[in-house]
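Student:
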Amino acid sequence: MTKNRRLILPAIVLGIVLIVIAVIYFAEPAGSLPSFFPGHDAGSGHHHVKHGLLALILGIGCFVFAWFQTGPASKSA
Amino acid sequence: MHPISYLQAIVLGLVQGVAEPFPISSLGHAVILPRLLGWNIHQNDSFFLTFLVATHVATAIVLFLMFWQDWKRIFRGLGRSLRDREIRPDDIDARLGWLLVVGTIPAGTLGLLLEHPLRSLFASAASAAAVLMLNGVLLLAFERLRRRPPRPGDYLGDSDARIAKLSWRQAVAVGTAQAAALVPGISRSGVTMGGGLLVGLSNEDAARYAFLLATPIIGAAGALKLPELLGSQGNGVRGPALVGGLCAALTTYLAVRFLLKYFETNRLTPFGIYCLAFGFICTVLFALGV
């Protein structure tokens, strides 16, 4: 995997944003989500757990990516 | 009165266990069979979805246990790479583990987003039969377009080392192809094995990679819906679901053992022909009002 240390900070920031989005999805019903969120549905009490899971997984993926970028430069692969 | 009888549960469980690892679409068969046998079961019935959760969880558990030694090595490899913050070129287990992760994320993402709309769109047995024919065409096309022909001795040596040579892009492509299996009639293992052939794997390596790749997705999908089986939605279904799950576990075990041996020397072609023939016969029967 090619290492690029300039990507570490953006990956961490994106990871944090995605985790925050996940928490919002888990905590807020569809009716209370910000209107620009996918799944926003005025008056709905449904929780978009799947959307939250998706954001959580992608957020963790960003952290893992950032973690590998901090490692020693690989010789190949 | 159970919404699914024990006999129905046994038949559906046995078929699920075979059709999940075989590249012939378990979901397609689960949609077609009830119609073909005149059962009052529809794929969007909540009790049927709950029943399917049990058979899928059983399939995932069997797949996980059958490759337990591999998963142990893969988990250790993932741990090593995280500790060292790099995937060493000689660490096949770590590389294979991350290829599986990279391949699972797009399929999981698409599955979470598209599962419900696609299930609603392709709900009928007639559409599943038509899509099953498409699955047959795909399987035949994969064999036709594969990057390299099968060679004697393909199955000798370290399969994981050959799989680990896949690039990240290829892993994403093969993993993403799994999402096509959200449509009843398209086989998850079929598109994954086909994807493996297109990126240069042998039939045996492609099958092994497909089974490893399928385990987390099927397991996660089942686990996500397990509360439905254990909650009030599972009332009246748990008994048949348990029986169906046990039947699925038995046939999954037998099917995977058979396929790993079969693909040492054989191809996807017979499964493609089966899907074309079965899909065509079912389409005609449904058109005639069966």
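Those protein sequence lines, which keep their order, are chains W and S. First residue of the first sequence? That's 193 in my numbering, and the numbers climb one at a time after it. First residue of the second sequence? That's 3 in my numbering, and the numbers climb one at a time after it. Ideal placement from N, C-alpha and C gives every residue a C-beta, glycine not left out.
If the criterion is Cβ atoms closer than 8 angstroms, does the pair Gly247/S and Ala21/S meet it?
Tutor: In the second sequence, the residue the question calls residue 247/S occupies position 245. In the second sequence, the residue the question calls residue 21/S occupies position 19. Against a cut-off of 8 angstroms, the Cβ pair of Ala21/S and Gly247/S comes out as no contact.
Student: With Glu117/S as the anchor, note down where its alpha helix (DSSP H) starts and where it stops.
Tutor: On the second sequence, residue 117/S is found 115 positions in, with the first residue counted as 1. Looking at the DSSP string, the run of the alpha helix (DSSP H) that includes Glu117/S is 94–123.
Student: Any beta carbon of chain W sitting closer than 8 angstroms to that of Glu88/S?
Tutor: Locating residue 88/S in the second sequence gives position 86, where the first residue counts as 1. Closer than 8 angstroms to some Cβ of chain W, the Cβ of Glu88/S qualifies, so yes.
Student: Run through DSSP, which three-state label would Gln18/S get?
Tutor: Start at 1 with the first residue of the second sequence, and residue 18/S comes out as number 16. Helix.
Student: Is there a C-beta anywhere in chain S that falls below 8 angstroms from the one on Ile204/W?
Tutor: As a working note, residue 204/W is residue 12 in the first sequence. Closer than 8 angstroms: no.
Student: Let me know if Lys263/S comes out buried or exposed under the rule of 16 or more other beta-carbons within 10 Å of its beta-carbon.
Tutor: The residue labelled residue 263/S in the question sits at position 261 within the second sequence. Per the 10 Å Cβ criterion, exposed.
Student: With DSSP collapsed to three states, give me the class of Ser234/S.
Tutor: Mapped onto the second sequence, residue 234/S falls at position 232. Correct three-state label for Ser234/S: helix.
Student: Using a Cβ-Cβ cut-off of less than 8 angstroms, list which residues of the region 234–248 of chain W approach chain S; keep chain order.
Tutor: Residues Lys242, His243, Leu245, Leu246.
Student: Just the chain W side, please: which residues come within less than 9 angstroms of Gly236/S by C-beta, in chain order?
Tutor: Taking the second sequence and counting its residues from 1, the one referred to as residue 236/S is at position 234. Residues of chain W passing the Cβ test: none, with the nearest at roughly 18 angstroms.
Student: Any idea if Gly81/S is buried or exposed, counting beta-carbon neighbours within 10 angstroms, 16 or more meaning buried?
Tutor: Counting from 1 along the second sequence, the entry for residue 81/S is found at position 79. Counting Cβ neighbours within 10 Å, Gly81/S comes out exposed, since fewer than 16 surround it.
Student: For His232/W and Arg150/S, what's the separation of their Cα atoms in angstroms?
Tutor: Along the first sequence, one-based indexing puts residue 232/W at 40. Along the second sequence, one-based indexing puts residue 150/S at 148. Near 48 angstroms, if we compare the C-alpha coordinates of Arg150/S and His232/W.
Student: Indicate whether the contact test is met: 3 or more Cβ pairs, each with one atom in the region 178–194 of chain S and one in the region 114–131 of chain S, closer than 8 angstroms.
Tutor: With a cut-off of 8 angstroms, the region 114–131 of chain S and the region 178–194 of chain S count as touching, because enough Cβ pairs lie within range.
Student: Please go through the same chain and pick out, in chain order, the residues whose beta-carbon is closer than 7 angstroms to the beta-carbon of Gly19/S, but skip the five residues on each side of it.
Tutor: Taking the second sequence and counting its residues from 1, one reaches residue 19/S at position 17. Thr61, Cys249, Ala250, Ala251, Leu252, Thr253, Thr254, Ala257, listed in sequence order.
Student: Is it true that the CB of Val239/S sits closer than 8 angstroms to the CB of Gly177/S?
Tutor: For the purposes of this step, residue 177/S is taken as residue 175 along the second sequence, with counting starting at 1. For the purposes of this step, residue 239/S is taken as residue 237 along the second sequence, with counting starting at 1. For Gly177/S and Val239/S, no; Cβs fall outside 8 angstroms.
Student: Nearest by alpha-carbon distance to Leu29/S: which of Leu14/S, Asn42/S, Trp41/S, Tyr8/S is it?
Tutor: Position 27 of the second sequence holds residue 29/S. That would be Leu14/S, whose Cα lies nearest to the Cα of Leu29/S.
Student: In whole angstroms, what separates the C-alpha of Val241/W from that of Leu226/S?
Tutor: Within the first sequence, the letter at position 49 stands for residue 241/W. Within the second sequence, the letter at position 224 stands for residue 226/S. For Val241/W and Leu226/S, the distance between alpha carbons rounds to 10 angstroms.
Student: Please work out which residues of its chain come closer than 7 angstroms, Cβ to Cβ, to Ala208/S, disregarding the five sequence neighbours upstream and downstream, and give them in chain order.
Tutor: One-based indexing of the second sequence puts residue 208/S at position 206. Excluding positions up to five away in sequence, the list reads Met195, Gly198, Leu199.
Student: Below 8 angstroms between beta carbons is the criterion; list the residues of the region 105–124 of chain S that meet it against any residue of chain W, in chain order.
Tutor: Here the close residues are Ile107, Gly110, Thr111, Leu114, Leu115.
Student: Starting from Phe218/W, find everything on chain S with Cβ-Cβ shorter than 7 angstroms and list it in chain order.
Tutor: As a position in the first sequence, residue 218/W is number 26, starting the count at 1. Per Cβ cutoff of 7 angstroms: no residues; Phe218/W is ~14 angstroms from chain S at best.
Student: Against Leu168/S, what residues of chain W qualify as contacts under a CB-to-CB distance less than 7 angstroms, listed in chain order?
Tutor: Within the second sequence, the letter at position 166 stands for residue 168/S. Here the premise fails: no neighbours, minimum Cβ distance about 11 angstroms.
Student: At what residue ranges does the region 231–274 of chain S contain a whole run of the alpha helix (DSSP H), taking only runs of 4 or more?
Tutor: Correct list: 240–267.
Student: Which residues of chain S have a Cβ atom closer than 7 angstroms to the Cβ of Gly253/W, listed in chain order?
Tutor: Counted from its first residue, the first sequence places residue 253/W at position 61. By Cβ distance, chain S contributes Ile107.
Student: List the residues of chain W whose Cβ lies closer than 9 angstroms to the Cβ of Leu2/S, in chain order.
Tutor: Examination of residue 2/S is not possible in this model, given that chain S is present from 3 through 292 alone.
Student: Looking only at its own chain, which residues have a Cβ that is under 6 angstroms from the Cβ of Ala11/S, when we skip the five neighbours before and after it?
Tutor: Looking up residue 11/S in the second sequence gives position 9. The answer, listed in chain order, is Pro242, Val245, Gly246.
Student: Should Tyr8/S go down as buried or exposed, given a rule of 16 or more other Cβ atoms within 10 Å for buried?
Tutor: Counted from its first residue, the second sequence places residue 8/S at position 6. Classification for Tyr8/S: exposed.
Student: Since Val139/S and Leu278/S are thought to touch, with beta carbons under 8 angstroms apart, how far apart are those beta carbons, to the nearest angstrom?
Tutor: Walking along the second sequence from the start, residue 139/S turns up at place 137. Walking along the second sequence from the start, residue 278/S turns up at place 276. Contact flag correct, Cβ pair sits at about 7 angstroms.
Student: Which residues bound the alpha helix (DSSP H) around Ser83/S?
Tutor: Residue 83/S sits at position 81 when you count from the first residue of the second sequence. 70–86 is the extent of the alpha helix (DSSP H) around Ser83/S.
Student: In its own chain, which residues sit with a C-beta less than 6 angstroms from the C-beta of His243/W, not counting the 5 before and 5 after it?
Tutor: Here residue 243/W corresponds to residue number 51 of the first sequence, with the count starting at 1. Tyr217, Gly231.
Student: If we define contact as Cβ-Cβ less than 8 angstroms, is Gly263/W a contact residue for chain S?
Tutor: In the first sequence, the residue the question calls residue 263/W occupies position 71. Yes, its Cβ sits closer than 8 angstroms to a Cβ of chain S.
Student: To the nearest angstrom, report how far apart Val64/S and Glu230/S are at their CA atoms.
Tutor: Locating residue 64/S in the second sequence gives position 62, counting from the first residue. Locating residue 230/S in the second sequence gives position 228, counting from the first residue. C-alpha separation (whole angstroms): 21 angstroms.
Student: For my contact list, Phe110/S and Ile220/S are in at a C-beta cut-off of 8 angstroms; report their separation, rounded to the angstrom.
Tutor: Residue 110/S sits at position 108 when you count from the first residue of the second sequence. Residue 220/S sits at position 218 when you count from the first residue of the second sequence. In the sequence under discussion, the amino acid at residue 110/S is Gly, which differs from the Phe named in the question. Their Cβ separation, rounded to whole angstroms, is 11 angstroms, which puts Gly110/S and Ile220/S out of contact at 8 angstroms.
Student: If Ile89/S sits next to Trp73/S, beta carbons under 8 angstroms apart, how far is it from one beta carbon to the other, in whole angstroms?
Tutor: As a working mapping, residue 89/S is identified with position 87 in the second sequence. As a working mapping, residue 73/S is identified with position 71 in the second sequence. Not quite, the Cβ-Cβ distance comes to about 18 angstroms (not below 8 angstroms), so this is no contact.
Student: At 4 residues or longer, what runs of the alpha helix (DSSP H) sit wholly inside the region 152–213 of chain S?
Tutor: You should have 161–165, 170–179, 190–200.
Student: For the alpha helix (DSSP H) that His31/S lies in, which residues bound it at each end?
Tutor: Here residue 31/S corresponds to residue number 29 of the second sequence, with the count starting at 1. Segment 28–38, the alpha helix (DSSP H) holding His31/S.
Student: Report yes or no: is there a C-beta of chain S within less than 8 angstroms of the C-beta of Ser268/W?
Tutor: Looking up residue 268/W in the first sequence gives position 76. Bear in mind that the predicted position of Ser268/W carries a pLDDT of just 47, short of 50, making it unreliable; the figure below should be weighed with that in mind. Yes, its Cβ sits closer than 8 angstroms to a Cβ of chain S.
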